[in-house]
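Asks:
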Amino acid sequence: MGDVLYQGGASSSIQDITNNVVTLNDTISSLVVGAANVFIAYKTVVEYTPITAGNPGALKQWPEIAMLFRGSRFNKAKIGFATDISGSFDEFDFVGSRNGLWGLFKWSKSHWGIPAPSTPVRVYVPTEKQYGSYLRVRFTVREGFCPWKLNGLSIPFRETGSQFIAK
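Heads up: the sequence shown is residues 11 to 177, going by our numbering.
(1) Taking the CB atoms as reference points, tell me whether tyrosine 58 and valine 147 lie closer together than 8 angstroms.
(2) Excluding the 5 residues flanking glycine 162 on each side, which residues of the same chain have their C-beta closer than 8 angstroms to its C-beta?
(3) Check whether the Cβ atoms of alanine 92 and proline 130 lie closer than 8 angstroms to each other.
(4) With 16 other CB atoms within 10 Å as the buried threshold, where does tyrosine 141 fall?
(5) Let me check understanding here. Comparing Cα to Cα, which of Ala51, Asp13, Gly44, Val43 lies closest to leucine 34?
(6) Mapping DSSP to helix, strand and coil, what is glutamate 153?
(7) Determine the contact status of tyrosine 134 and proline 60, defining contact as a CB-CB distance below 8 angstroms.
(8) Is it buried or exposed, isoleucine 50, if we count other Cβ atoms within 10 angstroms and call 16 or more buried?
(9) Tell me whether threonine 62 sits in a helix, a strand or coil according to DSSP, three-state version.
(10) For asparagine 85 and glutamate 74, I'd like the C-alpha separation in whole angstroms.
(11) When the Cα of isoleucine 95 is compared with those of Gly81, Phe102, Ala20, Ala68, which residue comes out closest?
(12) Would you mind stating whether glycine 90 and aspartate 103 have Cβ atoms separated by less than 8 angstroms?
(13) Between alanine 87 and phenylalanine 155, is the Cβ-Cβ spacing less than 8 angstroms?
(14) Do you know offhand how far glutamate 169's Cα is from tyrosine 52's?
(15) Can you give me the C-alpha to C-alpha distance between serine 21 and asparagine 47, rounded to a whole angstrom?
(16) Helix, strand or coil: how does DSSP classify threonine 129 here?
(17) Report the CB separation of tryptophan 158 from serine 98 in whole angstroms; it is logged as a contact under 8 angstroms.
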């Protein structure tokens, strides 16, 4: 889900709520029966305009992309791909560097001041989405207290000519 449960200095991401039963991502021993706060996460969707590699008329193969993060402090997000040949988005789970929960720890109980990792993350494009004259990329994350920054994408391609690729 991405929402955050917070009680008396202890916090955890909520994985699921079914029939008034809350399932957390972590086991927190300091939770007690009583009131707790639930911080609702915002859903963020980043969708790039169709990427044509300078020639929207030529058929290309897009085997992979590299997501250039300045920080990726989230547990799980989704990445989706679509092309002109396969127009609907197929979304897949995407793992970040870690659970942020930034700001919910007690003073002196966690480190801070160290920059978040900025390593490019390589993602393979599914076979049915690799061919087309353009590629559309959608990135979705919904997790509370998890700062992230997406600087851009690096997308290598191969021109395959104007013939249609049979599947």
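The beta carbon of each residue, even a glycine, is placed where N, CA and C say it ideally should be. Computed from a prediction, not measured in an experiment: that's the story for all the values here.
Replies: The relevant details are as follows:
(1) yes
(2) Leu78
(3) no
(4) buried
(5) Asp13
(6) coil
(7) no
(8) exposed
(9) coil
(10) 22 angstroms
(11) Ala68
(12) no
(13) no
(14) 38 angstroms
(15) 9 angstroms
(16) coil
(17) Incorrect: roughly 26 angstroms between the Cβ atoms, too far for contact.
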